[in-house]
Amino acid sequence: MPNDLEQLHFTTRVLGPAAAYRLENRQVTQTLRSESDSIANAFLLGRVSAGEKLEVTLDSILVGAAKLVSIDTVTWEDLTIDDARRGGFANLFQLAYA
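Residue numbering for the sequence shown follows numbering that gives the first Met the number 0, beginning at 0 and increasing consecutively.
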């Protein structure tokens, strides 16, 4: 049976060390930061919607499956230092250039 799940790809560099660690331990709620992200693009094109399962990879290694619970749009101006720290970044500057 072919695998028809959309894939959600992350790298430690982009997630930040804290979020990558939580992802490896399957303890993460992740915010996607770009409409060009593969899963955000799949959502926009109607290939995936809330409630569907996705394969999750970290640094090209399959770490498991996830369920897309919801999607929302947030602007850069809405982000705070708490958002940066949640990903393991010291400040918004590091988050912006990850």
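By construction, the Cβ of each residue, glycine as well, lies at the ideal position given by its N, Cα and C atoms.
Helix, strand or coil at residue i according to DSSP, with G and I counted as helix
i	result
Leu57	strand
Ala89	coil
Residue j beta carbon less than 9 Å from that of residue i
i	j	result
Ala19	Gly87	yes
Gly15	Gln93	yes
Arg84	Ala17	yes
Leu61	Thr79	no
Leu53	Leu4	yes
Per-residue burial, residue i [other beta carbons within 10 Å of its own, 16 or more giving buried]
i	result
Leu43	exposed
Val55	buried
Val47	buried
Ala89	exposed
Sequence-distant residues of the same chain with beta carbon closer than 8 Å to residue i, five excluded per side
i	result
Tyr96	none
Cβ neighbours of residue i in the same chain (closer than 7 Å, five flanking residues each side left out)
i	result
Val68	Ala49
Close-in-space but distant-in-sequence residues of the same chain around residue i (CB under 6 Å, 5 per side omitted)
i	result
Thr10	Asp58
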